[in-house]
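Numbering (this note's numbering), first residue to last: 17 to 276.
Ideal Cβ placement from N, Cα and C applies to all residues, glycine included.
Model, not experiment: these values are computed from the prediction.
Here's the structure we're looking at; comments come further down.
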């Protein structure tokens with residue numbers, strides 16, 4: 017999001033250790049505000065080992081560490097109210113304290129007429145917490161991000177069209193990513209199918225969904241039409257899969273000219 021030129025803030029927990037220092041430095045270097053008090057004792061900062069095979073698919077071995085210690089006390093009303101959109105990461109739903117933090121963030125956002133977005137994050141995460149995700153989506157979420165497998169898991173179906181029909185009444189905007197088939201954006205009775213951006217050199221799919229969300233949300237904050245938001249998301253995802261690692265290697269500001 018910062019690479020597009022957007023202004024943002026991050027609320028998340030790191031430990032007072034070397035990895036926490038690196039994360040804090042790197043996210044602030046992107047112009048993102050990060051002021052959550054670090055964890056002083058106990059779990060270390062989260063770390064994820066990612067194995068990428070020759071077909072560019074990745075497998076993750078993740079230690080969530082200090083990130084699971086995020087609590088509702090860390091959610092700052094002023095920070096939430098300063099943004100147009102609050103983006104919630106579904107991976108944290110394994111912890112009760114994080115669920116309370118989500119609901120507090122949603123409360124603060126809606127009190128200031130801000131939008132709340134959620135990413136479902138992972139099929140297994142959805143299957144573990146389906147009922148609670150459905151409760152959150154139906155009551156607190158304005159913008160939902162999911163890939164086709166996550167959305168189908170949420171509604172316990174193998175039919176994507178059925179899942180998209182089922183989710184439509186719950187959120188103002190639903191962005192469904194479909195890998196090489198692009199994405200479908202749903203808003204009320206309107207649907208927009210946007211093609212994926214073809215790349216000649218597919219290297220590592222890590223971060224594709226995250227970068228799609230970054231591009232899409234940046235477009236929304238700039239008042240762009242939904243199909244243009246989706247194109248920005250697809251452009252960002254296409255860039256990140258052409259090299260190793262989940263961060264862009266060139267400023268996403270350059271992509272704005274290509275979508276204009």
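- Exposed is the label assigned to residue 75, since fewer than 16 other Cβ atoms lie within 10 Å of its Cβ.
- Boundaries of the beta strand (DSSP E) around residue 75: 74-79.
- Contact check between the segment 121-140 and the segment 149-158: three or more CB pairs, one atom from each, fall below 8 Å, which counts as touching.
- In this structure residue 63 is exposed. Its beta-carbon is surrounded by fewer than 16 other beta-carbon atoms within 10 angstroms.
- A distance below 7 Å between beta-carbons, with the five flanking residues on each side excluded, links residue 235 to the following residues of its chain, in chain order: 244, 245 and 248.
- Under the criterion of beta carbons closer than 8 Å, residue 93 and residue 104 do not qualify as touching, at roughly 16 Å.
- Here the segment 85-92 makes contact with the segment 112-120; the two share three or more CB pairs at distances below 8 Å.
- Along the segment 83-123, the alpha helix (DSSP H) occurs as fully enclosed runs of 4 or more residues at 93-98, listed in sequence order.
- Secondary structure of residue 17 (DSSP, three-state): coil.
- Spatial neighbours of residue 150 in its own chain (CB-CB distance under 8 Å, excluding positions within 5 residues in sequence) are listed in chain order as 170.
- Excluding the 5 residues flanking it on each side, residue 262 has same chain C-beta neighbours closer than 7 Å at 222, 223, 226 and 256, in chain order.
- Note on residue 180: 16 or more other CB atoms within 10 angstroms of its CB, so buried under the neighbour-count rule.
- Around residue 143, the same chain offers 169 as residues with beta carbons nearer than 7 Å, after the five sequence neighbours per side are excluded.
- When 48, 36 and 37 are compared, the shortest CA-CA separation from residue 18 is found for 48.
- For residue 207, the uninterrupted beta strand (DSSP E) run begins and ends at 206-210, by DSSP.
- Counting along the chain, residue 150 sits inside the alpha helix (DSSP H) bounded by residues 146-156.
- If you ignore the 5 residues before and after residue 212, its C-beta comes within less than 6 Å of the C-beta of 196, 198 and 250, all in its own chain and listed in chain order.
- Shortest Cα-Cα distance from residue 51 to any of 71, 24 and 230 involves 24.
- Boundaries of the beta strand (DSSP E) around residue 131: 131-135.
- Contact annotation, residue 242 with residue 189: C-beta distance approximately 7 Å; criterion of less than 8 Å satisfied.
- Distance from the CA atom of residue 55 to the CA atom of residue 30, rounded to whole angstroms, is 6 Å.
- Excluding the 5 residues flanking it on each side, residue 232 has same chain C-beta neighbours closer than 7 Å at 191, 245, 246, 248 and 249, in chain order.
- Straight-line spacing of the CA atoms in residue 184 and residue 252 works out to 25 Å.
- In the DSSP secondary-structure assignment, residue 26 is bridged to 50.
- Measuring C-alpha to C-alpha distances from residue 70 to each of 219, 22 and 205 identifies 219 as the nearest.
- DSSP places residue 161 in the strand class (E or B) of the three-state scheme.
- DSSP places residue 237 inside the alpha helix (DSSP H), whose first and last residues are 224-237.
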